[in-house]
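Student:
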């Protein structure tokens, strides 16, 4: 299992729009083969900062089954307009 962690800064004042767009985009991601779970959190001290946590079967499941497909383009088209800079994305494995 691989955990994808994405730190997303949203344009201040557009957080609610981002959350609504994510509600639509989430289903695109949830149906991807190899996606185990999805969780989006919002900063308490920094309400324009969000953290996306996605569990994948493998790194290849993320890259091949999602990032390299039209689903990613659609996903990014829904939530991307609200980004305040590029998200920072990293992958982690359990010890």
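In full-length UniProt numbering, the protein residues as written are 1 to 95. The beta carbon of each residue, even a glycine, is placed where N, CA and C say it ideally should be.
Residue range of the beta strand (DSSP E) that residue 9 falls in?
Tutor: The residue you call residue 9 lines up with position 9 of the chain shown. Here the beta strand (DSSP E) through residue 9 covers 2-9.
Student: Considering only residues of the UniProt domain "ABM" (2-92), which uninterrupted alpha helix (DSSP H) runs meet the minimum length of 4 residues and lie entirely inside it, listed in chain order?
Tutor: For the UniProt domain "ABM" (2-92), whole alpha helix (DSSP H) runs of length 4 or above, ordered along the chain, are 15-30, 59-62, 70-79.
Student: Compute the distance between the beta-carbons of residue 12 and residue 48, then report whether it is under 7 Å.
Tutor: Within the chain shown, residue 12 is the residue found at index 12, counting from 1. Within the chain shown, residue 48 is the residue found at index 48, counting from 1. Yes; because the gap between Cβ atoms is below 7 Å, this pair is in contact.
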